[in-house]
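Contents: one structure, followed by commentary.
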Amino acid sequence: MADYRQRDNAPRFTVLVFHTRTGNVLAELDYSALSFDEKLNGGGSASITCPLDAATGRDTWDDRSSAYVLRGIMSGPWRFSIAVVWGSTVAWAGPLVSPVPSLTGVELKCSTLWALLGRRRLMTYAAVDPASPKADVSFSGRSLAGIAQGIIEHATAEYGRELPLDYLPITVTGDHERTYHGYDYKPVDEALRQLSEVIDGPDIDFRPVLVRTGAGERVRWQVRIGEPELGDPDAPLVWDQGAGLVDMEFDLDGSRMCSYVAVPGDGQENAKVFGTAFTNELVDAGWPALEDVNSNHSSSTNNADLDAYAAAHLAAYKRPLVARTATIDPGVYPGLDVWRLGDWGEFHLYDNPFVDGPQRARITGSSYSDGRIKLELTGAPAEV
Numbered sequence: 106m107a108d109y110r111q112r113d114n115a116p117r118f119t120v121l122v123f124h125t126r127t128g129n130v131l132a133e134l135d136y137s138a139l140s141f142d143e144k145l146n147g148g149g150s151a152s153i154t155c156p157l158d159a160a161t162g163r164d165t166w167d168d169r170s171s172a173y174v175l176r177g178i179m180s181g182p183w184r185f186s187i188a189v190v191w192g193s194t195v196a197w198a199g200p201l202v203s204p205v206p207s208l209t210g211v212e213l214k215c216s217t218l219w220a221l222l223g224r225r226r227l228m229t230y231a232a233v234d235p236a237s238p239k240a241d242v243s244f245s246g247r248s249l250a251g252i253a254q255g256i257i258e259h260a261t262a263e264y265g266r267e268l269p270l271d272y273l274p275i276t277v278t279g280d281h282e283r284t285y286h287g288y289d290y291k292p293v294d295e296a297l298r299q300l301s302e303v304i305d306g307p308d309i310d311f312r313p314v315l316v317r318t319g320a321g322e323r324v325r326w327q328v329r330i331g332e333p334e335l336g337d338p339d340a341p342l343v344w345d346q347g348a349g350l351v352d353m354e355f356d357l358d359g360s361r362m363c364s365y366v367a368v369p370g371d372g373q374e375n376a377k378v379f380g381t382a383f384t385n386e387l388v389d390a391g392w393p394a395l396e397d398v399n400s401n402h403s404s405s406t407n408n409a410d411l412d413a414y415a416a417a418h419l420a421a422y423k424r425p426l427v428a429r430t431a432t433i434d435p436g437v438y439p440g441l442d443v444w445r446l447g448d449w450g451e452f453h454l455y456d457n458p459f460v461d462g463p464q465r466a467r468i469t470g471s472s473y474s475d476g477r478i479k480l481e482l483t484g485a486p487a488e489v
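Mapping the sequence shown onto the numbering used here, position 20 (from 1) lands on 125, and the numbers just tick up by one.
Dropping the structure here:
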């Protein structure tokens, strides 16, 4: 790992084009602007503006011109992917979805691998008909992390669905089970997010890496699945105000607070299936009872699953949400080749009117623009 504690030694960004299904790097692109973002268990997007090289005097139909290369890339949404590389570390990667050309260049609008998995459905494709009982996909005798890995493996197992993935070791076996009916035609990204939202549900992250071999460069994704969380709270990375830590913002949001939640499933009237959860923790301390509903699982008929969704919803919203955002300088250690989504950080603040001293939190999202990175942080709920 390079020592770039001084900004003059910090790496610069490069932009690579690669083949989505194989990871083979095809070209490096010039760019005039870029921004990207990503969330743990939630995907993200990127925008890269690539200028035309009219200043070189090359004709736009010259096969050495950037216009020629960009025309080829524009012809392949989803077929081609873009990697934003910082030194030798891939900071962001994902398929091209919408190229936007103009007279001066092309804006490449891209999404993460989560968007591609959103275009895969949880069914046995050999069954052809989603309504056939043979289209159902079932997992049993697995951990929740093992089910997550099984879903991803199923979604990438057949011709045309292969992706350059490397699975990091997890404990696959356990006592959990899930059945996904073909007739639900459930998107894979939705199934993974729902799995991450239950109590002790696993974090899921697709970490792009650049592999250099004698045959050329490839971009691959490491499939990082938590058991249940990624990151080690006992080994936080440290940012200091006035050095790597540029700013830190706080937001206390009680709009979703609840002491009782219902999760409706399938069915009509009295035959409708529900999952529920409640707590009187704050009610006993003087708060008013607050009720909520989570309608994201209306096709489920499993009471245990619905109760698990309700318990997870209540755990997330029984107290105010504390949103913290740290703005950091990517040119000051620890940088993009050090931290990952799910890691814990310790942010040292001084002379703040509301907090003072170290703030420990987990990195659950990030975004880059204008030379700065914003980290979305999740920590312990607010004490009320």
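C-beta atoms are modelled at their ideal positions from N, C-alpha and C, and glycine is treated no differently.
Check your understanding: Taking all protein chains shown into account, do 16 or more other C-beta atoms lie within 10 angstroms of the C-beta of Tyr-264, making it buried, or fewer, making it exposed?
Key -> exposed
Review point. Exposed or buried, what is Ala-160 when buried is set at 16 or more other beta-carbons lying within 10 Å of its beta-carbon?
Key: Residue confidence is low: Ala-160 scores 46 on pLDDT, short of 50, so the model does not pin down where it sits. No coordinate-derived value is stated.
Point to revise | CB contact flag (Pro-341, Asp-448, <9 Å) | key: yes
Exercise for review: Would you decide whether Arg-329 is buried or exposed? Buried here means 16 or more other CB atoms lie within 10 Å of its CB.
Suggested key: buried
Point to revise | Residue nearest to Trp-197 in terms of C-alpha spacing, selected from Thr-276, Asn-407, Cys-215, Ala-367 | key: Cys-215
Point to revise | Cβ separation of Phe-118 and Leu-131, assumed to be a contact under 8 Å, to the nearest whole Å | key: Between Leu-131 and Phe-118 the Cβ distance is about 18 Å, and since that is not below 8 Å, they are no contact.
Check your understanding: Across which residues does DSSP place Thr-483 in a beta bridge pair?
Key -> Arg-467
Check your understanding: Taking the beta strand (DSSP E) that Leu-139 falls in, what are its first and last residues?
Key -> 138-144
Exercise for review: Report yes if the C-beta distance between Leu-121 and Leu-268 is below 9 Å; otherwise report no.
Suggested key: no
Practice item. Indicate whether Leu-134 and Ser-152 have their beta-carbon atoms separated by less than 9 Å. Key: no
Point to revise | Three-way DSSP call (helix, strand, coil) for Leu-419 in this model | key: helix
Check your understanding: Under the three-state reduction of DSSP, which class applies to Ala-367: helix, strand or coil?
Key -> strand
Exercise for review: Kindly give me the distance between the Cβ atoms of Asp-310 and Ser-301, rounded to whole angstroms, as I take these residues to be in contact under 8 Å.
Suggested key: Asp-310 to Ser-301, Cβ: 10 Å. No contact.
**Study point:** Identity of the residue in Phe-244, Thr-261, Ile-275, Leu-213 nearest His-281 by Cα
**Key:** Phe-244
Point to revise | Boundaries (first-last residue) of the beta strand (DSSP E) holding His-259 | key: Per DSSP, His-259 belongs to no beta strand (DSSP E); it is in the alpha helix (DSSP H), 249-260.
Review point. How many angstroms separate the CA atom of Ala-220 from the CA atom of Val-293?
Key: 10 Å
Point to revise | Coarse secondary structure for Asp-289, derived from DSSP in three states | key: helix
Practice item. Output the residue ranges of the beta strand (DSSP E) runs that lie fully inside the region 187-227 and measure 3 residues or longer, sorted by chain position. Key: 194-206, 210-216
Exercise for review: Count the other C-beta atoms from every protein chain shown that fall within 10 angstroms of the C-beta of Gly-210, then say buried if there are 16 or more, exposed otherwise.
Suggested key: buried
Point to revise | Same chain, Cβ closer than 7 Å to Arg-465, five either side skipped, listed in chain order | key: Pro-341, Trp-449, Glu-451, Gly-484
Point to revise | Same chain, Cβ closer than 6 Å to Asp-352, neighbours up to 5 away in sequence not counted | key: Thr-432
Review point. I think Val-343 touches His-453, with their Cβ atoms under 8 Å apart; what is that distance to the nearest whole Å?
Key: 7 Å
Check your understanding: Just to confirm, are Arg-429 and Asp-358 a CB contact at a threshold of 9 Å?
Key -> no
Point to revise | 8 Å CB neighbourhood of Gln-111 in its chain, flanking five on each side removed | key: For Gln-111, the predicted model reports a pLDDT of 49, less than 50, meaning its position is unreliable; a value from the coordinates is still stated below. Contacts found: none.
Practice item. Report buried or exposed for Ser-472, applying the criterion of at least 16 other Cβ atoms within 10 angstroms of its Cβ. Key: buried
**Study point:** Residues of its chain near Pro-235, where Cβ-Cβ distance is below 6 Å and the 5 sequence neighbours each way are ignored
**Key:** Met-228, Gly-287, Tyr-288, Tyr-290
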